[in-house]
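Residue numbers (the numbering used here): 1228 to 1690.
Below you can see the structure in the form of structure tokens.
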């Protein structure tokens, strides 16, 4: 899969989507932020007088913005022919549904408007299956317990379930778009793509991309979502996001920065998996690790920074959820792995050995857990210590073992570039042991003294 760096992200607690600057859908993740990724390509096209135009080419000018603060993405596209397409993208808060509203100005030019999908349902390109249910006007593609359905209002008048095979290019729905005629076949299996056609004279099209785990659930969602007006879904989405933003602290800053601040909060919330309590660094854009090692994973260090930022901004619920996740993911030696899938399983890593791990990941985790405990009132702090002290202690003892000579033993640096001993890692360890020492004062004076003494020794050794 090609590297695609997104221009925007939208989502809800079940769905996360990334988009390009011309309204292309780059990725859709369901049911987690890190898995599965269901889209290889999702494009729009126009065919006029036998000439095809993909809307993500340089022939189209684009303007992209959030019309109601956050949660809704608007993309305005214009062509030198005078044709214009406006796209309003919405992921309503209650459903695993991506809704697209297309407004088309055809400038009195005849032709066809197409939506094209190259799904890899369940993250699997091969062994997919698809069908067109004419009675219910729905295109469906599935693999095991992963289903995607495409429904439109008004219904499309042509469709194709194609193959994305170089050896059978004439079966591809993309080729059907480019020649201006779709095959209207009912079923297909394998490495698939699909397309739907509308007359270019159509002024408005509503498209629902629906995700589910069973066919019955997919059809039930179709019935439910199409019974709600698109305007109501857009209003619900705007209201939900604006209400969440309003719940945060009122920060005194110039108006010019307020929009960027709110967008930053919007992104942090979308990266966090509220069900699991973990957070990705970014939606994955380099799935084959061609230019980097990937970003669609949970690094403890990064998440600590993010959840403390959210707490400072007035959203305290994310930090304790992450701390609960950390308790479940601690390794037997008291450390944490370099990075994880959101469900706590170990992610692909260059940090599988003592010398190649990143000790600051463990230090950041202990710092966050101990610091949070130190801020709690007495009764809550006692309950917190009962729940988490053994986890914190095992992590602190791991840090003690790795700093027996005053500075930490060799490991990988912050950016996974060099092996050695690093100022940042030592500083993180010192801060973690200092915070653990404070939390240990009521548990064991000797343990508290050990941690505080080691933190001081590390600091002095660095200087």
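Note that CB positions come from ideal geometry on N, CA and C, so glycine has one too.
DSSP on residue 1529, reduced to helix/strand/coil?
helix
Around the C-beta of residue 1483, are 16 or more other C-beta atoms found within 10 angstroms, so that it is buried, or is it exposed?
exposed
Using the C-alpha atoms, what's the distance from residue 1386 back to residue 1419?
13 Å
Which of the three DSSP states, helix, strand or coil, is assigned to residue 1577?
coil
Taking its Cβ as the centre, do 16 or more other Cβ atoms sit within 10 Å of residue 1676, making it buried, or is it exposed?
Exposed: under 16 other Cβ atoms inside 10 Å.
Leaving out the 5 sequence neighbours to the left and right, which residues in its chain are closer than 6 Å to residue 1640 when beta-carbon positions are compared?
1649
From the DSSP output, in three-state form, read off residue 1538 for me.
Residue state, collapsed to three classes: helix.
CA nearest to the CA of residue 1368, picked from 1424, 1348 and 1231
1348
Which of the three DSSP states, helix, strand or coil, is assigned to residue 1259?
Coil.
Here's the rule: buried if 16 or more other CB atoms are within 10 angstroms of the residue's CB, otherwise exposed. What is residue 1620?
buried
Identify the residues that DSSP records as bridge partners of residue 1596: which are they?
DSSP output for residue 1596 lists no bridge partner at all.
DSSP three-state label for residue 1265, please.
Residue state, collapsed to three classes: coil.
Is the number of C-beta pairs between the stretch 1330 to 1338 and the stretch 1515 to 1526 that are closer than 8 Å three or more?
The stretch 1330 to 1338, when compared against the stretch 1515 to 1526, does not touch it at the 8 Å Cβ threshold.
Using the Cβ count rule (16 or more neighbours within 10 Å means buried), how would you classify residue 1502?
exposed
Ranges of the beta strand (DSSP E) found wholly within the stretch 1263 to 1336, counting only runs of at least 3
Qualifying beta strand (DSSP E) stretches, in chain order: 1266 to 1275, 1278 to 1281, 1287 to 1292, 1299 to 1306, 1311 to 1317 and 1324 to 1332.
Identity of the residue in 1312, 1403 and 1384 nearest residue 1390 by Cα:
1403
For residue 1231, is the classification buried or exposed, using 16 other Cβ atoms within 10 angstroms of its Cβ as the cut-off for buried?
buried
Secondary structure of residue 1449, DSSP reduced to three states
helix
Identity of the residue in 1307, 1530 and 1519 nearest residue 1590 by Cα
Among 1307, 1530 and 1519, the Cα nearest to that of residue 1590 belongs to 1530.
How many angstroms separate the CA atom of residue 1233 from the CA atom of residue 1607?
If you draw a straight line from the Cα of residue 1233 to the Cα of residue 1607, it is about 42 Å long.
Taking the beta strand (DSSP E) that residue 1369 belongs to, which residues open and close that run?
1365 to 1370
Can you look up residue 1609 in the DSSP assignment and give me helix, strand or coil?
helix
Using the C-alpha atoms, what's the distance from residue 1316 back to residue 1255?
13 Å
Tell me whether the beta-carbon of residue 1685 lies closer than 7 Å to the beta-carbon of residue 1630.
Less than 7 Å separates the beta-carbon of residue 1685 from that of residue 1630.
Hey, how far is the Cα of residue 1604 from the Cα of residue 1539?
18 Å
For my contact list, residue 1407 and residue 1277 are in at a C-beta cut-off of 8 Å; report their separation, rounded to the angstrom.
6 Å
From the DSSP secondary-structure annotation, give me the bridge partner or partners of residue 1638.
1647
Please return the same chain residues whose Cβ sits closer than 7 Å to the Cβ of residue 1322, not counting the five positions on each side in sequence.
1448 and 1452
Please state if the CB of residue 1343 and the CB of residue 1422 are separated by a distance shorter than 7 Å.
yes
Would you mind stating whether residue 1304 and residue 1270 have Cβ atoms separated by less than 7 Å?
no
Opposite residue 1422 in the DSSP bridges: which residues?
1343 and 1387
From the DSSP output, read off the bridge partner residues of residue 1243.
1238 and 1256
Measuring straight from C-alpha to C-alpha, what distance separates residue 1378 and residue 1445?
11 Å
Would you report the Cα separation of residue 1556 and residue 1485, rounded to the nearest angstrom?
36 Å
Quick test of your reading: residue 1586 and residue 1656, contact by CB under 8 Å. State the CB separation rounded to the nearest angstrom.
7 Å
Pop quiz: residue 1471 and residue 1520 are said to be a contact at Cβ under 8 Å. What is the actual Cβ separation, rounded to whole angstroms?
So it is not a contact: roughly 32 Å between Cβ atoms.
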